[in-house]
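*Asks:* Converting from the sequence shown to our numbering requires adding 13 to each position, the first position being numbered 1. We treat Cβ as the ideally placed atom computed from N, Cα and C, and that holds for glycine. One structure is given below, represented as structure tokens, and several questions about it will come after.
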Amino acid sequence: MLCAMQRAFLFTGQGSQFTGMGKDLCERFERAREAFAEADEALGKGALGESVSELCFAGPDDKLSLTENTQPATLTVAVAAFRALGQTPDLAAGHSLGEYAAHVAAGTFTLGAAVKLVRQRATFMQNAVPVGTGGMVVMRKMGIDEVRELVAKVDAGVCEIANMNEPEQTVVSGELAAMDQLVAISPPKKALKLAVSVPFHCSMLAEAGEQFAAVLDATPMQDPAFPIWCNVDAKPVTTAAEARDALKRQFAGAVQWLPTVNGMLAAGIRHFVECGPKPTLVNMVKRIAAGVEGVEGVETFAATTADEIAALLA
Numbered sequence: 014m015l016c017a018m019q020r021a022f023l024f025t026g027q028g029s030q031f032t033g034m035g036k037d038l039c040e041r042f043e044r045a046r047e048a049f050a051e052a053d054e055a056l057g058k059g060a061l062g063e064s065v066s067e068l069c070f071a072g073p074d075d076k077l078s079l080t081e082n083t084q085p086a087t088l089t090v091a092v093a094a095f096r097a098l099g100q101t102p103d104l105a106a107g108h109s110l111g112e113y114a115a116h117v118a119a120g121t122f123t124l125g126a127a128v129k130l131v132r133q134r135a136t137f138m139q140n141a142v143p144v145g146t147g148g149m150v151v152m153r154k155m156g157i158d159e160v161r162e163l164v165a166k167v168d169a170g171v172c173e174i175a176n177m178n179e180p181e182q183t184v185v186s187g188e189l190a191a192m193d194q195l196v197a198i199s200p201p202k203k204a205l206k207l208a209v210s211v212p213f214h215c216s217m218l219a220e221a222g223e224q225f226a227a228v229l230d231a232t233p234m235q236d237p238a239f240p241i242w243c244n245v246d247a248k249p250v251t252t253a254a255e256a257r258d259a260l261k262r263q264f265a266g267a268v269q270w271l272p273t274v275n276g277m278l279a280a281g282i283r284h285f286v287e288c289g290p291k292p293t294l295v296n297m298v299k300r301i302a303a304g305v306e307g308v309e310g311v312e313t314f315a316a317t318t319a320d321e322i323a324a325l326l327a
């Protein structure tokens, strides 16, 4: 059951998707069904012939995992979970793609506008770099300073920090040859190449980001109903202009998730609820909070299944 303390809602990003996601939400919550209907109406039948709901509920995995499908599908599930819960947070944040779901929750733009936005965002990202020329590496069990030292040694091409997720988990993005070099010079078993076709959140996407910025400029936005902590600055935005600027820079900018959570903890936030396909961000919050001296009483809740939401509403 949710308590009355100040709450931050978190919205899951890409990588949490799976076939069947959101189906139980639609079966039990009218507001979730309405969210999927809204997304389906906005996008209609996709290029591959499936609606958003069909892709979420039935897949298949290979089609759902395509970036242009993953992004609107994951966003829709996150918003459906949020609407099923029917609670209003004091502030919110989302990891990469999840930032768009956070803004839908805050009324910055509609769900219909958002699924169109992220479908275009995904297409711009996928087309920005030829397949086979870019990649990403997750650096595990090493601090950010050690990662920065290794990145500085790479000279085979673009190599940049893309996601600061946790104190000992950082994701690096760039040219494929640079990613191979990074793995080669890293301590054994601490650098793992990710199965992605796009080097997300690095300067290789800068030109595509400028093109996507024009799409954002053409999208009507309202001031969010509550502050949204943005990825690129790890600070809250409270106006439509700030939101648009942050989302523009997020396209090719690093996701500052660790600083975001640390900032929320420093502001006294101790209650976190995650909306999305899987509870990945609240697990990060637990690990981040455990390493911060003087931070106690952190509570995390997942709103990712119908049973979890029902329990929170009980």
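Can you tell me the Cα-Cα spacing of N82 and R132, whole angstroms?
*Replies:* Near 7 Å, if we compare the C-alpha coordinates of R132 and N82.
*Asks:* Would A91 and A141 be called neighbours here (beta carbons separated by less than 7 Å)?
*Replies:* Result no, Cβ atoms of A91 and A141 do not sit closer than 7 Å.
*Asks:* Return the chain-ordered list of same chain residues with a C-beta closer than 8 Å to the C-beta of K36, the five sequence neighbours on each side being excluded.
*Replies:* Hits under 8 Å: C69 and F70.
*Asks:* Going by beta carbon distance, what residues of the same chain come within less than 6 Å of F95, once the five residues before and after it are set aside?
*Replies:* Counting only Cβ-Cβ distances below 6 Å, and skipping sequence neighbours, we find A118 and C288.
*Asks:* Please give the ranges of any alpha helix (DSSP H) in the stretch 92-179, keeping only runs that are unbroken, at least 4 residues long and fully inside the region.
*Replies:* Runs found: 111-118, 124-141 and 157-166.
*Asks:* By how many angstroms is the C-alpha of L271 removed from the C-alpha of E306?
*Replies:* Spanning the two alpha carbons is a distance of roughly 15 Å.
*Asks:* Compute the beta-carbon to beta-carbon distance between G145 and L189, rounded to the nearest angstrom, for a pair I have assumed lies under 8 Å.
*Replies:* About 7 Å separates the two Cβ atoms, so the contact holds.
*Asks:* What are the start and end residues of the beta strand (DSSP E) that includes S186?
*Replies:* Unbroken beta strand (DSSP E) run through S186: Q182 to E188.
*Asks:* Measure the CB-CB distance between I322 and A315 and report whether it falls below 7 Å.
*Replies:* Not in contact: I322 and A315 (Cβ atoms no closer than 7 Å).
*Asks:* Is DSSP giving C215 helix, strand or coil here?
*Replies:* The answer is coil: DSSP assigns C215 none of H, G, I, E or B.
*Asks:* On the three-state DSSP scale, how would you describe V245?
*Replies:* In the structure shown, V245 sits in coil (DSSP, three-state: anything other than H, G, I, E or B).
*Asks:* Residues in the same chain with beta-carbon distance under 8 Å from A302, minus the five sequence neighbours each way, listed in chain order, please.
*Replies:* Only V274, L278, V308 and V311 meet the Cβ criterion.
*Asks:* V380 and M149 look like a contact to me (Cβ under 8 Å); what is the Cβ gap, rounded to whole Å?
*Replies:* Because the chain spans 14 through 327 in this model, residue 380 falls outside it and cannot be assessed.
*Asks:* Measure the C-alpha to C-alpha separation of H108 and L23 and round it to an integer number of angstroms.
*Replies:* Going by the C-alpha atoms only, they are around 8 Å apart.
*Asks:* Counting only the same chain and skipping the five closest in sequence on each side, list residues whose C-beta sits under 6 Å from that of C243.
*Replies:* Cβ within range, chain order: V250 and A259.
*Asks:* Can you tell me whether DSSP reads M14 as helix, strand or coil?
*Replies:* Any reading at M14 must be qualified, since the residue scores a pLDDT of 48, below 50, and its modelled position is unreliable; no value is offered.
*Asks:* Identify every residue that forms a DSSP beta bridge with T313.
*Replies:* Partner(s): F285.
*Asks:* So what's A267 in DSSP terms, helix, strand or just coil?
*Replies:* The answer is coil: DSSP assigns A267 none of H, G, I, E or B.
*Asks:* Measure the Cβ-Cβ separation of V171 and M217 and say whether it is below 7 Å.
*Replies:* In this structure, M217 lies closer than 7 Å to V171 by Cβ.
*Asks:* Is the stretch 225-238 in contact with the stretch 192-203, if contact means three or more CB pairs nearer than 8 Å?
*Replies:* Too few Cβ pairs lie closer than 8 Å, so no.
*Asks:* Who are the Cβ neighbours of A267 in its own chain at under 6 Å, not counting the five residues just before and after it?
*Replies:* For A267, where only same-chain residues beyond five positions count, the Cβ hits under 6 Å are I174, A175 and H214.
*Asks:* Can you give the beta carbon distance from E112 to Q19, rounded, assuming they're within the 8 Å contact cut?
*Replies:* Between Q19 and E112 the Cβ distance is about 20 Å, and since that is not below 8 Å, they are no contact.
*Asks:* Just grab the DSSP bridge partners of F22 for me.
*Replies:* F22 is bridged to A105 and V286.
*Asks:* Tell me which residues share the same chain as A135 and place their Cβ nearer than 6 Å to its Cβ, disregarding the 5 neighbours each side in the sequence.
*Replies:* Correct list, in chain order: T80, E81 and Q84.
*Asks:* In terms of DSSP beta bridges, what is L205 paired with?
*Replies:* V151.
*Asks:* Can you give me the C-alpha to C-alpha distance between P212 and F42, rounded to a whole angstrom?
*Replies:* Roughly 37 Å between the two C-alpha positions.
*Asks:* Nearest-angstrom Cα distance between D74 and P201?
*Replies:* Roughly 31 Å separates the two Cα atoms.
*Asks:* For V250, name the three-state secondary structure that DSSP assigns.
*Replies:* Reduced to three states, the DSSP call for V250 is strand.
*Asks:* Give the straight-line distance between the Cα atoms of G28 and S78, rounded to the nearest whole angstrom.
*Replies:* Cα-Cα distance, rounded: 9 Å.
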